[in-house]
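Step one of this worksheet: look at the structure below.
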Amino acid sequence: LDAFPGDTVLVRINRSSAFERSEGEVVKVQKRALETVVGEYYQGAIFPKNGAQNVFFKVVEKPKELVDYAIVTAKITRYRRQNIADCAITEIIGHRDDPGIEIIEVLKRLQIPDTFPEAVIQYLDLVPSEVRPFEYEGRRDLRDELIFTIDGDDTKDIDDAISLVKLPRGTYRLGVHIADVSHYVTEGSPLDLEAFSRGTSVYLADKVVPMLPRKLANGICSLNPGVDRLTLSCVMEINGSAEVINYELFPSLIRSRRQLTYGECNKILAGETSEAITDPKIIENLVLMAELAQILRDVRIKIGSIDFETIEPKISFDTEGNVTDIIIRERGVSERLIEEFMLVANQVVASDIHFREYPFIYRVHEKPDPEKLASLFQFAKEQGIVSDVPKRPTHRHLQELLHDVEGSEYDKVFNTLMLRSMAKAKYSELNLGHYGLAFSHYTHFTSPIRRYPDLMVHRMLRAYLFNEPTLKMLDHFLEVLPQAAIQSSVTERRAMLAEREVEEMKKAEYMENHVNEVFEGVVSGLTRFGMFVELPNTVEGLVHISTFPEAIDFNEKQMIYLGISSRIVYNIGKKVRVRLVKADRWRGKIDFVLA
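Counting in the working numbering, the sequence shown runs from 3 upward without gaps.
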């Protein structure tokens, strides 16, 4: 039959034994993996950017204006044998040389909508631009409290605000105040259906594809300074041992005093002065917040939480959208401060609902595959980092391994390898715990403007805690949560794929202006076909094995290249000099040769 790679098929088993591979034949294609294709048109065929498992897409219907190198969407009209698919062009997206076409292609291929449907646009007429007096009812008024936000320089969708007071008995009263998106996005409304479909906001270099229209994301839901906003507050009393000894969850009304940035706060917390932050009360509060955040982090690490050090690039653009620079994104005290406060709030919310035994959506991270961990520690032993491979690696073993490589040439490599050894975090209606954080109860409560599961969590808090839950309501959530968890996990992975692809393309675009230049880098990966080298600014490229000046022996177990003649060893973490020979922004690929 005309079964294609990825299709779901019905198979008749012809031969099966315990000693040989089973054999059979496809009797029916039940579901096609591909119904549409996005790619580059050239001489009667469509070529997807990243290939499509050796399928040849032949164009049988096309508009007259179609030219070579156009980027198109096509519907597959017929599946033939020998992996040939007939296609009809449904849309000409643009030309390969058009500005910004790379991002448009990614959005089309991954089916990420960039515009809102008419039903959503019309529904926005019902959404107010400011909080109305009757909406204050049933909310605790916190407008007189010192509450502010800390975000990135360009953040416009502000989900969270914080407050902190040290109580007379030496404990801390931490307030995490989250935009009450569920007040405006009611279940089953056009806004809700579209948000469910999108699942998350997608951040693509200098472009944001929001989960919610900007009237909400940057407007009435965003906790902008100096204006009244509806929030859900998690106010916790925390002692010096990082124990939450008391907490409240309630609907609230806040007015943020300031919209601070990480850079400004990091200056203050480093003991420097900042022209942007001069209010002594805010400065004093920031210092107190850093104190509590350190307590929370120390205890979190003590219980086994694994702190991966991921290095992120910061890509700069000019006014026309061209990449001008790539540097390492700094992560200072204030970024960690916000992270710790959000972590503890998410824990408190998850624990509360878990012990009430109500249906809920959790952020879960299952235990890693023991074989993958064994391989990780075996590799660490091969590199001389550990002396023994633990039989049953624990959180402590993983923490010690990261500590042993910290600051060395293996630092980034082992952070990356350990992450790859882990299961993927996901959303689930089952409370499976969070292995990486070493939390038994965890959810996502703090970003409802940009994540659908957080919006669901708010909806359930409203149903369970701020109203009297009914059996009908509980049955409803039991029914919808499994699909909501799957959709949230799928759309999260889709967004991450899009963000990674666009980042790679922007890096390649930047490197196009540096062809033939020589760079210092480190070996970041070794494969049978070549060696990956990463530059200090996180740009990574391939030195193909065919370009080496001598024959290479690849020892896959020890993960090294050995020059047959020179006996030079290339291992992960080794410093090398490379020359850039090619950068392809369309495919996000960079090619080096050894210099």
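Glycine included, C-beta positions come from ideal geometry on N, C-alpha and C.
Quick caveat, the model's predicted, so the values are computed rather than measured.
Presumed contact (8 Å Cβ cut-off) between residue i and residue j, rounded CB distance
i: L234; j: D182; result: 5 Å
i: L467; j: L144; result: That pair is no contact at about 17 Å.
i: Y444; j: G575; result: Incorrect: roughly 33 Å between the Cβ atoms, too far for contact.
i: W588; j: K51; result: 7 Å
i: V525; j: V541; result: Contact flag wrong, Cβ pair sits at about 14 Å.
i: T493; j: G265; result: The Cβ separation is near 31 Å, so there is no contact.
i: A76; j: I48; result: 6 Å
i: Q560; j: E384; result: 5 Å
i: E132; j: I222; result: 7 Å
i: K508; j: A207; result: 5 Å
i: I114; j: K209; result: Not a contact, Cβ separation roughly 11 Å.
DSSP-derived helix/strand/coil call for residue i
i: I285; result: helix
i: D456; result: helix
i: Y43; result: strand
i: D153; result: strand
i: V129; result: coil
i: L467; result: coil
i: D354; result: helix
i: S184; result: helix
i: S548; result: helix
i: H478; result: helix
i: K414; result: helix
i: F59; result: strand
i: T321; result: coil
i: I256; result: strand
i: D621; result: In the structure as shown, the chain begins at 3 and stops at 597. Residue 621 is therefore absent and cannot be evaluated.
i: V578; result: strand
Any non-hydrogen atom of the ligand ATP closer than 8 Å to residue i Cβ
i: K508; result: With respect to small molecules bound, the structure shown includes none, and the ligand ATP cannot be examined in it.
Distance, residue j Cα to residue i Cα
i: L544; j: E93; result: 34 Å
i: S276; j: T263; result: 11 Å
i: F150; j: E293; result: 17 Å
i: L12; j: V29; result: 6 Å
i: T529; j: I95; result: 36 Å
i: I313; j: Q84; result: 44 Å
i: A376; j: R394; result: 8 Å
i: N557; j: K584; result: 28 Å
i: E137; j: G273; result: 42 Å
i: E196; j: Y205; result: 18 Å
i: A347; j: P135; result: 28 Å
i: V407; j: Y563; result: 21 Å
i: D159; j: H179; result: 14 Å
i: V440; j: A121; result: Before going further, note that residue 440 is Ala rather than Val in the sequence given. So the alpha carbons of these two residues sit roughly 43 Å apart.
i: A382; j: L483; result: 41 Å
i: E359; j: Y81; result: 50 Å
i: I355; j: R495; result: 26 Å
Option in the options with minimal Cα separation from residue i
i: Y71; options: V57, T38, E107; result: E107
i: M458; options: P471, A440, E470, F479; result: F479
i: P215; options: E384, E139, L128, A465; result: L128
i: E245; options: A295, D161, T188; result: A295
i: T549; options: I308, V595, G306, L483; result: V595
i: G565; options: P119, R453, M533; result: M533
i: A328; options: M424, V517, Y512; result: It should be pointed out that residue 328 corresponds to Ile in this sequence rather than to Ala. Taking only the C-alpha atoms, the option nearest I328 is Y512.
i: F58; options: N469, G46, K66, K64; result: G46
i: T79; options: V69, K64, I73; result: K64
i: R579; options: E519, K591, R569; result: E519
i: R231; options: V289, A553, A163, N56; result: A163
i: P315; options: R502, I285, V415, L439; result: R502
i: K369; options: S258, E342, T188, Y437; result: Y437
i: Y454; options: L193, A382, G523, E322; result: L193
i: D116; options: S203, R141, I73; result: S203
i: Q485; options: F362, R141, V391, Y44; result: F362
i: V388; options: F416, E505, A35, D9; result: F416
i: E337; options: K269, I303, T280, P392; result: K269
Cβ neighbours of residue i in the same chain (closer than 7 Å, five flanking residues each side left out)
i: S442; result: G435
i: D456; result: H446, F447, T448, S449, P450
i: G242; result: G172, I297
i: K414; result: I313
i: Y186; result: V129, L218, I222, C223
i: I305; result: A440
Closer than 9 Å to chain B by CB, residue i
i: K374; result: No chain B appears in this structure, which consists of one protein chain only.
Same chain only: Cβ atoms within 8 Å of residue i, ignoring 5 sequence neighbours per side
i: L169; result: R175, E239
i: E147; result: S165, G177, I256
i: V351; result: C236, L251, T445, F447, V459, L463
i: M420; result: I308, F310, L378, L400, L403, L404
Beta-carbon proximity list for residue i, same chain, < 6 Å, skipping 5 on both sides
i: A553; result: I566
i: V40; result: T75, K110, R111
i: P212; result: S203, A219
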